[in-house]
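Participant:
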Amino acid sequence: MSPQYLPKPPSDEQKAVLASTARITVVRACPGAGKTEVFVEAIRQRLARWQDRGGGLAALSFTNIARETIESRVCGNIQPPHFVGTLDSFVFRFIVKPFGHLVGLPAGSVRLIPAAVSDHLEEPSIPVGHENHERASMFSVHFCGIVGRSPSISARIPKIGKFDVPTDLAADVLKRKQNYWKGTGIVTHSDCHFLASCILHHKEHSVRVRELIARRFPVIFIDELQDTGCFLGRAFIALFAEERVSGIVVGDPNQAIYGFGGASPSIFDDFEKLPGAVPLSLTTSQRCPKVVAQIATALCASGAHVAALPSAENGNATILVHNLDEPRFNPLQAQHVRSLLKGVSLAVIARKSSTVRMLKGEHIRDEFKGKSKSARRINLAVQHLLNGEPRDAAQLIERELFRVVMDDECASSQALDDKGITKAKWRAAIFSVLTSAVASVKGETWNQWVERVKAAVAKAATSVGWIEDSAALRSYMKSKADGETLRETLLDVGVSPLWNGTKVTTIHKVKGAEFDTVVLFTAKPHKSHAPCPSIEWWSDANGGEERRIAFVAVSRAKQRLVICVHTSTFDALKKLKPDFLKCFQEIIALPSTK
150 MSPQYLPKPP SDEQKAVLAS TARITVVRAC PGAGKTEVFV EAIRQRLARW
200 QDRGGGLAAL SFTNIARETI ESRVCGNIQP PHFVGTLDSF VFRFIVKPFG
250 HLVGLPAGSV RLIPAAVSDH LEEPSIPVGH ENHERASMFS VHFCGIVGRS
300 PSISARIPKI GKFDVPTDLA ADVLKRKQNY WKGTGIVTHS DCHFLASCIL
350 HHKEHSVRVR ELIARRFPVI FIDELQDTGC FLGRAFIALF AEERVSGIVV
400 GDPNQAIYGF GGASPSIFDD FEKLPGAVPL SLTTSQRCPK VVAQIATALC
450 ASGAHVAALP SAENGNATIL VHNLDEPRFN PLQAQHVRSL LKGVSLAVIA
500 RKSSTVRMLK GEHIRDEFKG KSKSARRINL AVQHLLNGEP RDAAQLIERE
550 LFRVVMDDEC ASSQALDDKG ITKAKWRAAI FSVLTSAVAS VKGETWNQWV
600 ERVKAAVAKA ATSVGWIEDS AALRSYMKSK ADGETLRETL LDVGVSPLWN
650 GTKVTTIHKV KGAEFDTVVL FTAKPHKSHA PCPSIEWWSD ANGGEERRIA
700 FVAVSRAKQR LVICVHTSTF DALKKLKPDF LKCFQEIIAL PSTK
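When we follow the numbering used here, the leftmost residue of the sequence shown carries the number 150, and every step to the right adds one.
In structure tokens:
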């Protein structure tokens, strides 16, 4: 009898995974190989014969979307002692929160700041470099890897971007982080990964902690293993080193595209070295047509062959050559691209968020004019809302209301209960601020907008019982000359009908998804910040990450793949990668804008 949750009779490779009796089954799966279906079926089968009353099964993945998919396919909400969640939620809930006091966190009061919020918090700031301007928010400091016996650390500096902390300053930055953790109990996701690794490798307490977690979760399943960063990976390797723990880890090293967080394809090698580990593979894509599988093989960083099903259709692959200086389509070009979109599900994807915004016709003015950090944060919330990210927008507004009402922007929902504020009132307060902030008033300057936002925040805070305090609103300060400039319309959609019913987003955000037609747009190359794909896609720089990102992009296509390249990129491909161009059935030019 075929497994219940596999859409087709399982292949021999899938049967081997489901039948594995190894303590640790390490599965390397190519794109579209039915990895999720096998993963879910393995969970279902293990739960069906579960007898351990004291412990449970933990099924973990990288994103909330993947978690929801797993949970729904396994028959809804799985009850304790079992746990279905993200890798981050597991680490925080079962390692850092209960055992954080062993590495200096305050017992019983550890708080996790959501990424959507931590990315925009500017204070407290600390020096991360040797120059005066090389300062970064405590929340933008990330633990990336290990150099010798010390962590390598990066930070994000305003107007500079990602900044690698010099080795001679890393110890001081770590010390400042440790003092902050000790004093506040506030941690980011990156902090949790590092702290979990420290806890599970602690000289005195690691053995006992591992035993307790292994007793609580004797079976652990991990999906998308390649996405675990350095310290998150070290934490789970430490857990799987416990002989009591068994499970399955699944992923594709060729789709490791989170190198900025320390993720590396070598994580599979590390798991395969553990006692009782057995490597298995899923090498046949049940998603990709033959021509897409061929293109994916050409981009595969490991050199592995991506095989399509013998019965798979040939599919269609097109090179679309453009001469755009910026990723914007005029109506004639929009109509031309529309003619290429076939199938029910469509996606237009690009490497950078800025490219995606321009493809969508969104022209967002992010240069806030003023001195108010609070107003700047609210303006960022407006941008998130206009980008179709209401959850991120609400979280930023919530932190500002926490700052005013609670005098603590890192407060938790428990603080609302303590003050008797209902969730309905709190949501209404957030919505009222966001509604006021997003409104566009003709002829309004940034200073006038700040005054209007300040009044909206005061009104919302008062609605939940706050007693007005001018000190709490003091951060809403007028600027001088800059603030007198006009705050014009933030959103201008020129060719939006092109994208109706189409997902337009970054490559990272479609990882794990599939579409009938995929249009991969690559912008005009730039020497410093956007190298030509003819070089970048086959480069070993950063461990070959850009090549893996391109691999993820093309392997989303179920029927048709369109790669849109600048004319300079096309000329370079003809010279450097002629065999790659031979994979495509047609090469056509986008109507010129000149």
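Just so you know, even glycine gets a beta-carbon here, dropped at the ideal spot from N, CA and C.
These numbers were taken from a predicted model, which means no experiment stands behind them.
1) Under the assumption that V493 contacts A499 (Cβ atoms under 8 Å), give the Cβ distance between them as a whole number of angstroms.
2) When you compare each of S221, V233 and I736 to L206 by their alpha carbons, which one comes out closest?
3) Using alpha carbons as the reference points, say which of S286, R357, L431 and V322 lies closest to P159.
4) Cα separation between L490 and D665?
5) Can you tell me where the alpha helix (DSSP H) with H291 in it begins and where it stops?
6) Using a Cβ-Cβ cut-off of 8 Å (strictly less than) and excluding sequence neighbours within five positions of V252, which residues of its own chain qualify?
7) Within 10 angstroms of the Cβ of L361, are there 16 or more other Cβ atoms? Answer buried if so, exposed if not.
8) So, with DSSP's three-state summary, where would you put E360?
9) Taking the beta carbon of M150 as the centre, do at least 16 other beta carbons fall within 10 Å, making it buried, or is it exposed?
10) Looking only at its own chain, which residues have a Cβ that is under 6 Å from the Cβ of R436, when we skip the five neighbours before and after it?
11) For N528, name the three-state secondary structure that DSSP assigns.
12) Starting from the C-beta of R364, find all residues in its chain whose C-beta is less than 8 Å away, skip the five residues before and the five after it, and write them out in chain order.
13) Short of 7 Å in beta carbon distance, which residues of its chain neighbour I546, apart from the five on each side in sequence? Order them along the chain.
14) Please report the straight-line C-alpha distance between V166 and E220, rounded to a whole angstrom.
15) With F332 and G378 assumed to form a contact (beta carbons below 8 Å), what rounded beta-carbon distance in angstroms separates them?
16) Do the CB positions of A721 and S688 come within less than 7 Å of each other?
17) Going by the CB atoms, is the gap between A621 and L669 shorter than 7 Å?
18) On the three-pair Cβ rule with 8 Å, is the region 555-572 touching the region 601-609?
19) For Q443, does the count of other Cβ atoms within 10 angstroms reach 16, so buried, or fall short, so exposed?
20) Which of helix, strand or coil does DSSP assign to S645?
21) Could you pull out every residue in the same chain whose Cβ sits closer than 8 Å to the Cβ of T638, ignoring the five residues on either side in sequence?
22) If I measure Cβ to Cβ from E162 and keep anything under 6 Å in the same chain, skipping five residues before and after, which residues do I get?
23) According to DSSP, is C341 helix, strand or coil?
24) Let me check understanding here. Comparing Cα to Cα, which of A738, L730 and I737 lies closest to V440?
25) Would a C-beta distance cut-off of 7 Å place F420 and I192 closer than the cut-off?
26) Skipping 5 residues on each side, what residues in its chain have a beta carbon closer than 8 Å to that of D541?
27) Would you give the residue range spanned by the beta strand (DSSP E) that N465 belongs to?
28) Mark H279 as exposed unless 16 or more other C-beta atoms lie within 10 angstroms of its C-beta, in which case mark it buried.
29) Report the option in D317, D201 and W330 whose CA atom is closest to the CA atom of G257.
30) Taking only runs that begin and end inside the region 664-741, name each unbroken beta strand (DSSP E) of 3 or more residues, in chain order.
31) Taking Cβ to Cβ, would you say K652 is nearer than 7 Å to A496?
32) Run through DSSP, which three-state label would D313 get?
33) Between F417 and G519, what straight-line distance do the alpha-carbon atoms span, to the nearest angstrom?
34) Can you name the residues that DSSP bridges to L429?
35) What separation, rounded to the nearest whole angstrom, lies between the Cα atoms of E549 and T433?
36) When DSSP builds the beta bridges, which residues end up paired with F232?
Facilitator: Put simply:
1) No, V493 and A499 are not in contact; Cβ-Cβ is about 22 Å, not under 8 Å.
2) With respect to the C-alpha of L206, the residue from S221, V233 and I736 having the closest C-alpha is V233.
3) The residue with the shortest Cα to Cα distance from P159 is L431.
4) Distance between the alpha carbons of L490 and D665 is about 9 Å.
5) DSSP places H291 in no alpha helix (DSSP H) but in the uninterrupted beta strand (DSSP E) bounded by H291 to V296.
6) A distance below 8 Å between beta-carbons, with the five flanking residues on each side excluded, links V252 to the following residues of its chain, in chain order: L344, C347, I348 and H351.
7) L361 comes out exposed.
8) In the three-state scheme derived from DSSP, where H, G and I count as helix and E and B as strand, E360 is classed as helix.
9) Confidence is the limiting factor: at M150 the pLDDT is only 36, short of 50, which leaves the residue's position unreliable and the question unanswerable from this model.
10) Within the same chain, R436 has close Cβ partners G181, E663 and K707.
11) The answer is helix: DSSP assigns N528 an H, G or I state.
12) The residues are G203, G204 and R393.
13) Only residues of its own chain outside the window of five on either side were considered, and among them I527, A530, I579, V582 and L583 have a CB closer than 7 Å to the CB of I546, listed in chain order.
14) Taking the straight line from one Cα to the other gives about 20 Å.
15) Reading off the sequence shown, one finds Gly at residue 332, where the question assumed Phe. Between the beta-carbon of G332 and that of G378 there is about 26 Å, and that puts the pair past the 8 Å contact cut.
16) S688 is positioned such that its CB atom lies no closer than 7 Å to that of A721.
17) The criterion of a C-beta distance shorter than 7 Å is not satisfied by L669 and A621.
18) The region 555-572 is not in contact with the region 601-609.
19) Q443 is buried by the Cβ-count criterion.
20) In this prediction, S645 has a pLDDT of 45, which is less than 50 and means its spatial position is unreliable; what the coordinates show is noted afterwards. Here DSSP, grouped into helix, strand and coil, assigns S645 to helix.
21) With a pLDDT of 49 at T638, under the threshold of 50, the modelled position of that residue is not reliable, and no figure is offered here.
22) If we look at E162 and ignore the five residues flanking it on each side, its Cβ neighbours are L431.
23) Note: C341 maps to helix in three-state DSSP.
24) Per the Cα distances, L730.
25) Not closer than 7 Å, so no.
26) For D541, where only same-chain residues beyond five positions count, the Cβ hits under 8 Å are A265, A530 and H533.
27) Segment N465 to H471, the beta strand (DSSP E) holding N465.
28) Answer is exposed; the Cβ neighbour count stays below 16.
29) Out of D317, D201 and W330, W330 has the C-alpha closest to the C-alpha of G257.
30) As far as the region 664-741 is concerned, its whole beta strand (DSSP E) runs of at least 3 residues are 664-670, 706-715 and 735-738.
31) The answer is yes: Cβ separation under 7 Å.
32) Strand, per DSSP.
33) Computed Cα separation, rounded: 49 Å.
34) The bridge partners DSSP lists for L429 are V176.
35) Straight through space, the alpha carbons of T433 and E549 are spaced by roughly 50 Å.
36) According to DSSP, F232 bridges with A207.
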